[in-house]
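Numbering (the UniProt record's numbering), first residue to last: 1 to 585. Cβ coordinates follow ideal geometry from the N, Cα and C atoms, glycine included. Here is the structure we will look at, set down as structure tokens.
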Amino acid sequence: MKHLKLVYLLLAVLLTISCKNDLLVDDDPASGMKLSPKEMAITPGYLPLPNGSFEDGTGNTFTNWSILNGASTLSATTVPAEVYEGNRALKVVSTVSNGQSNAWKIQLASVNLATVSGSDYRIRVWAKATGASTNGFRCQTRGGTTQLLSHKTIKTSWGLYEWTFKAAADSTMILLDLGADANTYYIDNVSVSEVSASGAYSAIWGENGELWDKSRIPDFTNAGYRSGNQSIPDYPQSINVTSLGAVGDGVTDNTAVFKIAINQCAENGTIYIPAGKYVLKDTLMIKRSGINIKGAGDATILYFTKGLEELYPRYNVAGSPNQSAWSWEGGMITFSGNISGSGIQSLKIEFPDNAWAGHNFHERAYNAIGYTNSAHDGWVKNVKMKGCDIGIWIGRTSHHITAEGWTLESGPVRAAGTKGVGHHGVNIYGGYNLLQNFELKGKYHHDLSVESSYSLFNVFRNGKGTDLCIDHHNHQVRNNLFTNLNAGTGTRLYTSGGNDTPAGININETYWNITATNNLSYNYMGYNTSGAKSKNNVAIGIKTTSGSALPNVDNNWYETINPQSLYPKDLYVSQMKLVKNIVVN
Numbered sequence: 001m002k003h004l005k006l007v008y009l010l011l012a013v014l015l016t017i018s019c020k021n022d023l024l025v026d027d028d029p030a031s032g033m034k035l036s037p038k039e040m041a042i043t044p045g046y047l048p049l050p051n052g053s054f055e056d057g058t059g060n061t062f063t064n065w066s067i068l069n070g071a072s073t074l075s076a077t078t079v080p081a082e083v084y085e086g087n088r089a090l091k092v093v094s095t096v097s098n099g100q101s102n103a104w105k106i107q108l109a110s111v112n113l114a115t116v117s118g119s120d121y122r123i124r125v126w127a128k129a130t131g132a133s134t135n136g137f138r139c140q141t142r143g144g145t146t147q148l149l150s151h152k153t154i155k156t157s158w159g160l161y162e163w164t165f166k167a168a169a170d171s172t173m174i175l176l177d178l179g180a181d182a183n184t185y186y187i188d189n190v191s192v193s194e195v196s197a198s199g200a201y202s203a204i205w206g207e208n209g210e211l212w213d214k215s216r217i218p219d220f221t222n223a224g225y226r227s228g229n230q231s232i233p234d235y236p237q238s239i240n241v242t243s244l245g246a247v248g249d250g251v252t253d254n255t256a257v258f259k260i261a262i263n264q265c266a267e268n269g270t271i272y273i274p275a276g277k278y279v280l281k282d283t284l285m286i287k288r289s290g291i292n293i294k295g296a297g298d299a300t301i302l303y304f305t306k307g308l309e310e311l312y313p314r315y316n317v318a319g320s321p322n323q324s325a326w327s328w329e330g331g332m333i334t335f336s337g338n339i340s341g342s343g344i345q346s347l348k349i350e351f352p353d354n355a356w357a358g359h360n361f362h363e364r365a366y367n368a369i370g371y372t373n374s375a376h377d378g379w380v381k382n383v384k385m386k387g388c389d390i391g392i393w394i395g396r397t398s399h400h401i402t403a404e405g406w407t408l409e410s411g412p413v414r415a416a417g418t419k420g421v422g423h424h425g426v427n428i429y430g431g432y433n434l435l436q437n438f439e440l441k442g443k444y445h446h447d448l449s450v451e452s453s454y455s456l457f458n459v460f461r462n463g464k465g466t467d468l469c470i471d472h473h474n475h476q477v478r479n480n481l482f483t484n485l486n487a488g489t490g491t492r493l494y495t496s497g498g499n500d501t502p503a504g505i506n507i508n509e510t511y512w513n514i515t516a517t518n519n520l521s522y523n524y525m526g527y528n529t530s531g532a533k534s535k536n537n538v539a540i541g542i543k544t545t546s547g548s549a550l551p552n553v554d555n556n557w558y559e560t561i562n563p564q565s566l567y568p569k570d571l572y573v574s575q576m577k578l579v580k581n582i583v584v585n
């Protein structure tokens with residue numbers, strides 16, 4: 001093994017010397033540099049396709065490529081608008097439409113590549129055309145047998161086109177058949193990679209980030225508590241509420257005792273709540289750093305008898321005509337102020353079992369947990385919330401909150417209601433928050449809401465819902481990740497509210513591995529007008545019958561891969577391993 005590593009190292013040095021002027025193609029996240037086609041020769045999964053960038057050659061010749069037919073139509077272009085990356089690309093000017101069966105009349109062939117008979121490979125080509133493409137062009141392979149691969153219709157803007165094939169021999173030649181249409185094509189960055197048995201990889205991520213296109217997929221690894229660099233702390237017990245007189249009998253009012261415990265808890269200490277049902281008749285406000293509220297799991301129940309609107313009415317007040325501001329913000333347990341290192345874990349929060357009144361902005365405001373006024377680096381861990389109008393609310397100036405292992409559920413009355421089980425499952429106004437390992441039982445009007453221009457770089461991962469709804473409540477929301485989600489029925493994935501119209505516009509969002517019972521559409525479809533469009537989004541591994549668009553006219557990258565085949569399943573997990581060498585469960 002040591003000798004093999006030494007050989008790879010020597011190859012890397014030699015290639016670095018010989019390829020310093022080669023086209024740069026794929027991001028190397030570890031170094032911030034990019035891999036040239038020749039450097040791909042020593043990257044796992046890639047075949048050494050010499051001069052896939054068409055950079056090498058003199059005049060209208062291309063080193064390591066042979067023009068088999070139509071030499072007069074092929075040339076090298078150095079016009080920047082005609083080159084995808086680097087300084088040189090292949091230009092094809094076909095004046096005759098030969099049809100698909102005679103596409104070979106303009107033909108370019110690679111050298112023979114070392115393949116493994118029976119293994120699967122993927123060809124990728126960046127291309128664009130000057131006019132509408134009817135037949136497009138195709139690839140074929142020769143080795144053991146000739147395989148004619150499908151024709152691809154080429155768009156007038158740069159796009160990535162893919163073919164897969166099973167090698168029939170241990171040596172394979174790649175051919176580009178370019179003569180089907182009368183058109184002008186520009187072709188760049190041809191690559192061949194092995195399709196691993198472990199799954200199908202994205203063209204802009206790869207297996208482990210070796211193809212990471214950072215212009216499309218942001219770095220999401222700074223979401224959550226302490227920017228994802230530290231685990232949620234386990235503070236030592238400071239106070240047991242029963243020692244102050246709390247009684248978990250489901251009858252006694254424990255509000256005063258809980259407020260005393262919050263005031264007396266030592267910094268970086270835990271307020272422990274043993275098993276029992278503790279009645280609370282007012283809000284609990286935590287305004288200090290280093291306070292952890294912890295129960296004994298589901299056996300510890302905090303039962304709030306009233307909601308925020310019942311206790312502190314805000315209906316029809318200034319700024320909220322005919323509606324209550326509690327409909328979209330606030331928590332019966334709220335962490336407030338410029339505090340950090342405070343959270344809640346291992347318990348259950350319950351409200352009276354009433355049917356949700358519907359989307360009338362006048363709920364009782366059974367809102368469970370909130371972070372506001374710059375509270376940051378906190379957590380909600382292993383908490384069940386029952387009968388909520390809002391489960392978790394994070395205000396605009398709060399950030400880096402981790403909510404993990406949480407569940408939203410309803411009692412029989414609320415669950416049987418005809419208007420849904422609540423307003424917002426989670427309502428996120430702030431940024432850099434991590435919501436993971438969750439389940440929403442029942443349909444909230446909005447399940448996962450990102451609400452404001454501060455809602456940036458949030459991660460929603462490894463969760464599921466009855467019929468999941470990802471709500472974009474504002475056109476200024478940007479750069480959030482939704483990964484490894486089970487959308488349940490899958491009838492309303494992008495249904496959104498808010499004052500910005502048309503509702504549901506998505507910009508710079510990333511959707512990765514989202515499955516459902518029904519087929520889903522891409523977020524572009526059904527949410528566009530001439531004035532506002534979903535653009536610059538990435539959606540990979542969505543359960544859909546729609547085809548890929550790499551990208552579409554609004555720069556949305558829609559890469560159709562069966563979620564069951566997609567690897568990795570969770571983009572956040574893969575990024576954390578690559579960027580920070582942190583293993584996430």
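| Item | Value |
| --- | --- |
| Inter-residue spacing [alpha-carbon to alpha-carbon] between W65 and S202 | 27 angstroms |
| Separation of I174 from R142, as counted between CA atoms | 7 angstroms |
| Helix, strand or coil at I561 [DSSP, three-state] | coil |
| Cα-Cα separation between D389 and Y186, rounded to whole angstroms | 55 angstroms |
| Straight-line gap, L311 to N208 (C-alpha atoms, nearest Å) | 52 angstroms |
| V93 to D181 span [Cα, whole Å] | 10 angstroms |
| K128 - partner residues in DSSP beta bridges | Y186 |
| Straight-line gap, K259 to G290 (C-alpha atoms, nearest Å) | 16 angstroms |
| Beta-carbon spacing of N222, Y84 below 8 angstroms | no |
| In chain order, each beta strand (DSSP E) run of at least 3 residues that lies wholly inside the UniProt domain "CBM-cenC" (51-170) | 65-69, 74-77, 89-94, 107-114, 120-129, 137-143, 145-152 and 159-166 |
| Given residue 595 as reference, the closest of V459, T397 and G422 once Cα atoms are compared | Not covered by the structure: residue 595. The range shown for the chain is 1 to 585. |
| Assigned exposure category for Q140 - 16 Cβ within 10 Å defines buried | buried |
| Extent of the continuous alpha helix (DSSP H) run through L499 | With the sequence shown as reference, residue 499 is identified as Asn, and Leu is not the correct amino acid for it. Neither: N499 is in no alpha helix (DSSP H) and is coded neither H nor E. |
| Best match in H151, G276, L481 and N268 for proximity to I239 [C-alpha to C-alpha] | N268 |
| Collapsed DSSP secondary structure at V365 in the structure displayed | For clarity, residue 365 is Ala in the given sequence; the question names Val instead. The answer is coil: DSSP assigns A365 none of H, G, I, E or B. |
| Neighbourhood of K166 by C-beta distance below 6 angstroms, restricted to the same chain and skipping five residues each side | D120 |
| Candidates W104, N479 and G248, of which the one nearest S215 by Cα | N479 |
| C-beta atoms of G224 and T483 nearer than 8 angstroms | no |
| Close beta carbons around T517, own chain, < 8 angstroms, minus the five adjacent residues each side | G488, T489 and G490 |
| Length of the line joining the Cα atoms of V116 and P80 | 37 angstroms |
| Residues that D213 bridges to, as DSSP identifies them | Paired residues: none, contrary to the question. |
| Residues near N506 by beta carbon distance below 6 angstroms, same chain, minus five either side | H472, N523, S534 and N537 |
| Neighbourhood of T515 by C-beta distance below 6 angstroms, restricted to the same chain and skipping five residues each side | N486, K543 and P563 |
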